[in-house]
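Chemist:
Chains as they are written, first to last, in the numbering used here: chain A, 131 to 602; chain B, 131 to 602.
1) So, with DSSP's three-state summary, where would you put residue 351 of chain A?
2) Determine the burial state of residue 526 of chain A: buried for a count of at least 16 other Cβ atoms within 10 Å of its Cβ, exposed for fewer.
3) Closer than 7 Å by beta-carbon distance: list the chain B residues that pair up with residue 225 of chain A, in chain order.
4) Going by the CB atoms, is the gap between residue 418 of chain A and residue 604 of chain A shorter than 9 Å?
5) Could you spell out where the alpha helix (DSSP H) holding residue 103 of chain B opens and where it closes?
6) Between residue 571 of chain B and chain A, is there a C-beta pair that is closer than 9 Å?
7) Quick check on the DSSP output: the alpha helix (DSSP H) that includes residue 271 of chain B runs from which residue to which?
8) Measuring straight from C-alpha to C-alpha, what distance separates residue 632 of chain B and residue 500 of chain A?
9) Residue ranges of each beta strand (DSSP E) run of no fewer than 3 residues wholly in the segment 501-581 of chain A, ordered along the chain?
10) What does a CB cutoff of less than 7 Å around residue 355 of chain A pick up in its chain, not counting 5 residues either side in sequence?
11) Quick one: list the residues of chain B neighbouring residue 589 of chain A, beta-carbon separation under 7 Å, in chain order.
12) Measuring only the C-alpha atoms, how far is residue 188 of chain A from residue 494 of chain B?
13) Which residue marks the beginning of the beta strand (DSSP E) containing residue 169 of chain B, and which one marks its end?
14) Is residue 535 of chain B near residue 542 of chain B, with beta carbons less than 9 Å apart?
15) Hey, quick one: how far does the beta strand (DSSP E) through residue 416 of chain B stretch, first residue to last?
16) Report yes or no: is there a C-beta of chain A within less than 9 Å of the C-beta of residue 396 of chain B?
17) Determine the burial state of residue 528 of chain A: buried for a count of at least 16 other Cβ atoms within 10 Å of its Cβ, exposed for fewer.
18) Which residues mark the beginning and the end of the alpha helix (DSSP H) in which residue 393 of chain A is found?
19) Which chain B residues are close to residue 259 of chain A, counting only those with a beta carbon under 9 Å from its beta carbon?
20) For residue 131 of chain A, is the classification buried or exposed, using 16 other Cβ atoms within 10 angstroms of its Cβ as the cut-off for buried?
21) Measuring CB to CB, does residue 229 of chain A end up less than 9 Å from residue 477 of chain A?
22) Mind checking which residues open and close the alpha helix (DSSP H) that includes residue 332 of chain B?
23) Per DSSP, what are the beta-bridge partners of residue 307 of chain A in this structure?
24) Per DSSP, which residues does residue 203 of chain B bridge with? Please list them.
25) Taking all protein chains shown into account, do 16 or more other C-beta atoms lie within 10 angstroms of the C-beta of residue 411 of chain A, making it buried, or fewer, making it exposed?
26) Could you tell me which chain B residues have their CB closer than 8 Å to the CB of residue 494 of chain A, listed as they occur along the chain?
27) Are any of the Cβ atoms in chain B nearer than 9 Å to that of residue 559 of chain A?
28) For a quick check, are the C-beta atoms of residue 288 of chain B and residue 428 of chain B less than 9 Å apart?
29) What does a CB cutoff of less than 7 Å around residue 258 of chain A pick up in its chain, not counting 5 residues either side in sequence?
30) Would residue 451 of chain B pass as an interface residue toward chain A - the criterion being a Cβ-Cβ separation below 9 Å?
31) Look at the Cβ atom of residue 506 of chain B, then the Cβ atom of residue 475 of chain B, and state whether they are nearer than 9 Å.
32) With contact counted as at least three CB pairs below 8 Å, one residue from each stretch, are the segment 370-384 of chain A and the segment 342-360 of chain A in contact?
33) Please report how far the alpha carbon of residue 407 of chain B lies from the alpha carbon of residue 433 of chain B, in whole angstroms.
34) Less than 9 Å between CB atoms is the rule here; does residue 440 of chain B satisfy it with respect to chain A?
35) Go ahead and pull the three-state DSSP assignment for residue 604 of chain B.
36) Please classify residue 308 of chain B: is it buried, with 16 or more other beta-carbons within 10 angstroms of its beta-carbon, or exposed?
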């Protein structure tokens, strides 16, 4: 059996000490004992486990057997002992990032329309395209999104859109972990037609992907202002029947707050509560506008929250009270939202923005520290989506969703504190390797699960359709 | 004479149309006539000139002769006609970015301390290091900054720090355009000692670099709370005597506002006005806290402003009223500030943050549109620094400071509007080529003016000194 050694990173920027880590994590020095032959060994990097103690291993040694992490520790004097060895010298070995909320196929809207008033944006760009889109459009946009996410260190994503069977297919081909959910609302959909068919489509999706190791399915009503109480109730029932997450946009904009108040005389969370829909299975995207009672409901019912700072900024939705949510024990993950409102899927810059936005919003330099924010993009995001028993941290027994960040670059030098670089200095394209479920899907920035030129050609064909649809 | 052809970008992502550009710029279709042999020709890219009409040339043809842009237009059917030809197919050809405010050597503080209360940060990290630093420290940190800036598309920067002779030396070696200025304040400096020596040091710098094609010098008192009215007056006199810019931090934090109010009974701008220091030669960094009268003073006196959104966010300083400043005709450039408060020098993500921050702060999606923000990072920044007759746009007769952005990447696909991608989707490391003053300083992401491993080694030595100084 051949043992291959690959250099993970461009060069060696020299030894570094992690003294400051003693404040932010625990440096381990475990020996490596009696290793069985592993499928993949990642050695010499600094491993940030994001386990409950945020353990960090210098000159780390991480082993993968099959789809599972079989060893995490320091190298000691052990020789490499794997079918494939990745030398991560000068790199940070991290859990793959978890994108808690996106609309993957909206990559095909990237840069189509920005800086516009909401109704101009919706009526003249988004709606004309969405009313004409089809399965092929969503498949292509989702493939592009998978390429972008793999190349920027995201290994799991949670999607909401139309034609979600195509999102699942694209993710399956790309080798990405995901939760997909067909968007459901009161009006007819270009995919499934009537809402009754939408519920059937969702149920079929759940059944079809129930045994898949990477793709799982959620029930995803769009929002409280596009879904009647009856539809919301039916979604809730379906999610509970199959034990899958219930995911929806909640309290994103001021306009939504006013509409729900005017329709139901309540805040969105009070409305959900009156419908009996709150609980730990509910993932609430955005949560920008919360009053004291909403926050209490979220805490008491164990609702999970996904924060999308860049989208909330670009759409002028507002600033979610994330530091307070975290301080009060709410599980908050991080999402990019779709590319119409971001315009990329880079969770590294999303972390940077999250850390800085709340500092200036609260006029407090100490909120949203780097470790907290990196946890949001990894283990807390996994918890929010109910995936934390599988991913979100590098621990023995978890699935091998791993990325390597190459720090041998001017903007990641010197290295005093890796958490700081991850949040405040790195970008998605500093990721050199991405592994999902034990499979190397990107190696030295070459994606291995598909051909980029093929995707670009498909994307260009779809972009030309978009140009025709909007008549520009 | 040999003609070399280089491929600028990783691949061809196919043809794209720029229909939306008709709204944001003018598409030109000029023929190329009777070209003399040029030193460098950049062909096939989309040229965004950032000239007064924001002209865009598809399949552009840009010629460089010596240090100067000698042709800008479309290719037509002309064969390449240069000693060196860069094929920029699939790329955007842009003016090099202008970093309006930084402290280059603070790259050596990157990630040293974040998320701390201001006084803890200053007393336990920044001051212990700054009191011990020397010329070699500043030279090394500045070299690292130049490497980072060249690799992220910045071609000009404006610096304020200690040992500025070393910053000038580093920039000179790296081949970067810059304005340097020794920081001046009432207390002794580890570089020049007493403030009288500081003024002499500055005057000597001005004389020494007066004929340099790339390095120029400004007079840079630190701030109104660290400089007496007498020192500010002496700085003003020196700047006027030599006809160089006067640059200082103004109205950055609430604490500063209170201190100036308490000392002088005025806002910082009213204080500067009472000293007769306002005028078009004054570059005011930050300008976060402005009242109605301050804004009037800035407008009436033609003061230039540099906006540093990421630093203002990370240090919880506040949000500058930039949309109002721009609407009222004030020249506003963009800066990264130093790496202790950012933590990188990437003007692409700085643009992204600037565009989004003001949207959410003003609850208005239409402010800080992509073209406006890209102008801030190019021609408006050049105007602010008094460099606009030389750089900031791609026009015949200007100096050849040019970058190529490779858009053949998933996160920059499809391409409906290049301005959108530049501001909302690109990162610094998407830049493939950087030219400064007609010289190629980075080609296909390889820096040509110095060795990165050498810089990394120097940086590591200095980082070890920092670790000793702060006792961690």
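Here a beta-carbon is modelled for each residue, glycine too, at the ideal position from N, C-alpha and C.
Modeler: Judging by the given coordinates:
1) Counting from 1 along the first chain, the entry for residue 351 of chain A is found at position 221. Judged by DSSP in its simplified three-state form, residue 351 of chain A adopts strand.
2) In the first chain, the residue the question calls residue 526 of chain A occupies position 396. Its Cβ having fewer than 16 others within 10 Å, residue 526 of chain A is exposed.
3) Translated into positions along the first chain, residue 225 of chain A becomes position 95. Per Cβ cutoff of 7 Å: no residues; residue 225 of chain A is ~20 Å from chain B at best.
4) Here chain A comprises residues numbered 131 to 602, so residue 604 of chain A is not present and cannot be evaluated.
5) Within the shown structure, residues of chain B are numbered from 131 to 602, placing residue 103 of chain B beyond reach of any answer.
6) Here residue 571 of chain B refers to the residue found at position 441 of the second chain. With its beta carbon at least 9 Å from every one in chain A, residue 571 of chain B lies outside the interface.
7) Within the second chain, numbered from 1, the residue matching residue 271 of chain B stands at position 141. Start and end: 265-281.
8) Residue 632 of chain B is absent from the model: chain B starts at 131 and stops at 602.
9) Here the runs fully enclosed are 532-536, 561-566, 569-573.
10) Taking the first chain and counting its residues from 1, the one referred to as residue 355 of chain A is at position 225. Once the five neighbours on either side are set aside, the close Cβ partners of residue 355 of chain A are 386, 389, 390.
11) Mapped onto the first chain, residue 589 of chain A falls at position 459. In chain order: 543, 544.
12) Within the first chain, residue 188 of chain A is the residue found at index 58, counting from 1. Within the second chain, residue 494 of chain B is the residue found at index 364, counting from 1. About 46 Å.
13) The count along the second chain starts at 1 and reaches residue 169 of chain B at position 39. In the DSSP assignment, residue 169 of chain B falls within the beta strand (DSSP E) that extends over 168-173.
14) Along the second chain, read from residue 1 onward, the residue named residue 535 of chain B stands at position 405. Along the second chain, read from residue 1 onward, the residue named residue 542 of chain B stands at position 412. Yes, the pair counts as a contact, with Cβ atoms nearer than the cut-off.
15) Residue 416 of chain B sits at position 286 when you count from the first residue of the second chain. Element bounds for residue 416 of chain B: 412-416.
16) Locating residue 396 of chain B in the second chain gives position 266, where the first residue counts as 1. Chain A contact via Cβ: absent.
17) Taking the first chain and counting its residues from 1, the one referred to as residue 528 of chain A is at position 398. Buried, because 16 or more other Cβ atoms sit within 10 Å of the Cβ of residue 528 of chain A.
18) One-based indexing of the first chain puts residue 393 of chain A at position 263. Note, residue 393 of chain A: alpha helix (DSSP H), 384-394.
19) Start at 1 with the first residue of the first chain, and residue 259 of chain A comes out as number 129. Contact of residue 259 of chain A with chain B by beta-carbon distance below 9 Å is absent, the smallest such distance being about 11 Å.
20) Taking the first residue of the first chain as 1, we reach residue 131 of chain A at position 1. Here the model assigns residue 131 of chain A a pLDDT of 33, short of 50, so the residue's position is not dependable, and the following value carries that caveat. Residue 131 of chain A comes out exposed.
21) Sequence index remark: in the first chain, residue 229 of chain A carries index 99 (1-based). Sequence index remark: in the first chain, residue 477 of chain A carries index 347 (1-based). Taking 9 Å as the Cβ cut-off, residue 229 of chain A and residue 477 of chain A qualify as a contacting pair.
22) On the second chain, residue 332 of chain B is found 202 positions in, with the first residue counted as 1. Counting along the chain, the alpha helix (DSSP H) containing residue 332 of chain B begins and ends at 325-338.
23) Here residue 307 of chain A is taken as the residue at index 177 of the first chain, counted from 1. A/286, per the DSSP bridge assignment.
24) Stepping through the second chain from its first residue, residue 203 of chain B is reached at position 73. Residue 203 of chain B is bridged by DSSP to B/191.
25) In the first chain, residue 411 of chain A corresponds to position 281, counting from 1. Per the 10 Å Cβ criterion, buried.
26) Taking the first residue of the first chain as position 1, residue 494 of chain A is located at position 364. Ordered by position in chain B, the residues that pass the 8 Å Cβ test against residue 494 of chain A are 446.
27) For the purposes of this step, residue 559 of chain A is identified with residue 429 of the first chain, where counting begins at 1. At least one beta carbon of chain B lies nearer than 9 Å to the beta carbon of residue 559 of chain A.
28) Counted from its first residue, the second chain places residue 288 of chain B at position 158. Counted from its first residue, the second chain places residue 428 of chain B at position 298. No. Outside cutoff.
29) The residue labelled residue 258 of chain A in the question sits at position 128 within the first chain. The answer, listed in chain order, is 599, 600.
30) Taking the second chain and counting its residues from 1, the one referred to as residue 451 of chain B is at position 321. No, residue 451 of chain B lies away from the interface with chain A (no Cβ there is under 9 Å from its Cβ).
31) On the second chain, residue 506 of chain B is found 376 positions in, with the first residue counted as 1. On the second chain, residue 475 of chain B is found 345 positions in, with the first residue counted as 1. No, these two residues do not count as a Cβ contact at 9 Å.
32) Yes: at least three Cβ pairs fall under 8 Å.
33) Here residue 407 of chain B corresponds to residue number 277 of the second chain, with the count starting at 1. Here residue 433 of chain B corresponds to residue number 303 of the second chain, with the count starting at 1. Rounded to the nearest angstrom, the gap between the Cα atoms of residue 407 of chain B and residue 433 of chain B is 10 Å.
34) Position 310 of the second chain holds residue 440 of chain B. By the rule that beta-carbons nearer than 9 Å mark a contact, residue 440 of chain B touches chain A.
35) Only positions 131 to 602 of chain B appear in the structure, and residue 604 of chain B is not among them; the question remains open.
36) Against the second chain, residue 308 of chain B aligns to sequence position 178. It counts as buried.
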